[in-house]
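Residue numbers (this note's numbering), protein chains in the order written: chain A, 1 to 446; chain B, 1 to 167. What follows is one structure encoded as structure tokens, with my remarks underneath.
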């Protein structure tokens, strides 16, 4: 009798140990299947969600139907649910069977599925290619003119309508990095951009793994937080956004700074990496004051100044004074308004039709107040990586121009800091963004 | 981060430079000043309040969008019933009569063809949704490939349509 009871208890234990394994496998499959559904339907051709593009995923085109809002939103919600479930299970990694190999395999599969598919949800990559072709093929300065200056170029028709007359807002380093892709033609450049985004993503995840280890966190958990994030894969990688390159530079800097013995040379290189990131997309420069205040040494300042000087010389030589003036592009973009931004939602809440100029000033003041508070906290010993993450999150929340891939900026930092509130807030903001997308599910326009 | 006891001020990065500052202003080593319990609670309460506020704003905007979509569906049904064409490529202008006015202008071709490639008829639509449609208060015609600007409008009709055509 006793042996039977012991046997039953053992069986129950085995069963209770197995269900997280099974659940984790199901959630991983849901995540993969939802991503595959979006990619296969996206490959079927242009739709409201898939921009006009050269046929780069033609071999997948017969497997799905044109991607509509209903299928996309259901797949996105399924991905978000599976992602949340996986993270919850990954907290008890041993029980869930989410060992390093399985987690890496899942993240690699997600990245690969999105990489082989079409460009998803954004025309930005065609702007990148247009700016490169303007400089290389047509001798036109992309800091002075929009893609409308090359109407006859094959990439022109793929550039988003709102951006045809807009000069580049990206940093000179990014523009120069994109130049070698220009002679490859639109399709070749498109694959080049996709590969660049994939490598940036893989590099970010590898550095994240290292940072998590160095800071005493579970690297599997950190990997899943970023690599399985639906906004990271579907929006970020799916759109081949250059934000991934900026995030890679940010993670290079953080990795250099979280190693056990941080030498002045490492500090200088870390500051240089952030400046390099800012020369891709200026937002990441927000990390510099926190790094400098946290270290309180000369090396990061010297690294910043040296990298900025070098960048300015290269930018001036390549693009003239307009290539150096990243602030004017920032000011121009800060005036844009998107319907998904939180300020727009708040304006609607108070019965206003949208954001007014005075609101921009109020939002800037709020952001400055948050940054000053975080600088003070960093001065008094708060983790500068966490403070940087909060700042990036504050930028996205106070920006009147919010896009899904902007909410990725703080995510890698949130995965490697002790202040778990940052991760909760970042994922919360991502959740609100996704929630805001679902109106076509509730009341489709027919 | 868990709430912890306040840490004493420590010399920063080997710099005695800051020793002249009062203790409350001196920098601390990284990780030593994560948060005091009281400060952590205040910050968390503020973050939660902000989160609830953003959630309310998002849900409100979602329900606003849902109402807009319902109105647009009614407008599209109205245009199709009024013109007798079951076309799907119709252009709805929610801005011309004021973005918060709930008054729309819906334009579509008068004969089969790609959007805007044929003579277009535009209808002024506002009012309550009754049986899935809204009242039409007038309208105008546009030549093929023309944008909806006053100088291009002709044949204005209806009680309200006249004031939108060139005089």
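Ideal placement from N, C-alpha and C gives every residue a C-beta, glycine not left out.
Inclusion of residue 28(A) and residue 113(A) in the CB contact set at 8 Å is not warranted, their separation being larger than that value. Remark: C-beta atoms of residue 78(B) and residue 134(B) approach each other more closely than 8 Å. Straight across, the Cα-Cα distance linking residue 344(A) with residue 96(B) is about 20 Å. Secondary-structure assignment with DSSP links residue 133(B) through a beta bridge to 130(B).
Linking residue 438(A) to residue 41(B) through their CA atoms gives a straight-line distance of about 33 Å. Remark: three or more beta-carbon pairs, one from each stretch, lie closer than 8 Å, so the region 264-272 of chain A and the region 296-307 of chain A are flagged as touching. CA-to-CA, the gap between residue 250(A) and residue 274(A) works out to about 6 Å.
Counting C-beta atoms within 10 angstroms of its own C-beta, residue 165(A) has fewer than 16 neighbours from the protein chains shown and is therefore classed as exposed.
Residue 140(B) is bridged by DSSP to 122(B).
Excluding its 5 nearest sequence neighbours in each direction, residue 66(A) has C-beta neighbours in its own chain below 7 Å: 41, 44, 45, 47, listed in chain order. Nearest in C-alpha terms to residue 112(B), of all of 121(B), 105(B), 104(B), is 121(B). At a beta-carbon threshold of 7 Å, the residues of chain A lying near residue 70(B) are 443, ordered along the chain. The Cβ atoms of residue 186(A) and residue 155(A) sit closer than 8 Å to each other. Contact of residue 57(B) with chain A by beta-carbon distance below 8 Å involves 342, 345, 346, 348, 349. In the assembly as shown, residue 376(A) is an exposed residue. Its beta-carbon has fewer than 16 other beta-carbons within 10 Å. Minimum Cα-Cα distance from residue 396(A) among the listed residues 366(A), 382(A), 417(A) corresponds to 366(A).
DSSP places residue 107(B) in the uninterrupted beta strand (DSSP E) bounded by 104-109. In this structure, the alpha-carbon of residue 255(A) lies about 10 Å from that of residue 215(A).
The criterion of a C-beta distance shorter than 8 Å is not satisfied by residue 54(B) and residue 422(A).
In this chain, the alpha helix (DSSP H) harbouring residue 342(A) covers 342-349. Note on geometry: alpha-carbon atoms of residue 392(A) and residue 118(B) lie some 49 Å from one another. In chain A, no part has a C-beta under 9 Å from the C-beta of residue 113(B); the shortest such distance is about 19 Å. Within the same chain, and ignoring the five residues on either side of residue 52(A) in sequence, the residues whose Cβ sits closer than 6 Å to its Cβ are 46, 158. Between residue 290(A) and residue 384(A), the beta carbon gap of about 4 Å places them in contact (Cβ cut-off 8 Å). Relative to the Cα of residue 116(A), the nearest Cα in the group 193(A), 177(A), 126(A) belongs to 193(A). Among the residues of the region 78-104 of chain B, those with a Cβ less than 7 Å away from any Cβ of chain A are 99, 100, in the order of the chain. In this structure, the beta-carbon distance from residue 402(A) to residue 341(A) falls below 8 Å.
Below the 7 Å Cβ cutoff, chain A contributes 342, 432 as neighbours of residue 54(B), in chain order. A distance below 7 Å between beta-carbons, with the five flanking residues on each side excluded, links residue 143(A) to the following residues of its chain, in chain order: 167, 168, 319, 322, 323. A contact between stretches requires three or more CB pairs, one per stretch, nearer than 8 Å, and the region 357-374 of chain A fails this requirement with the region 303-320 of chain A.
Out of 103(A), 416(A), 89(A), 197(A), the CA that lies nearest to the CA of residue 19(A) is found in 89(A). Leaving aside the five residues that flank residue 121(A) on each side, the residues in its chain whose CB is nearer than 7 Å to its CB run, in chain order, 49, 235, 238, 239. A direct Cα-to-Cα measurement between residue 153(B) and residue 68(A) gives close to 34 Å. Per DSSP, residue 290(A) has no beta-bridge partner at all.
Neighbours of residue 148(B) across chain A, judged by C-beta separation under 8 Å, do not exist; the nearest C-beta is about 17 Å away.
A direct Cα-to-Cα measurement between residue 109(A) and residue 64(B) gives close to 38 Å.
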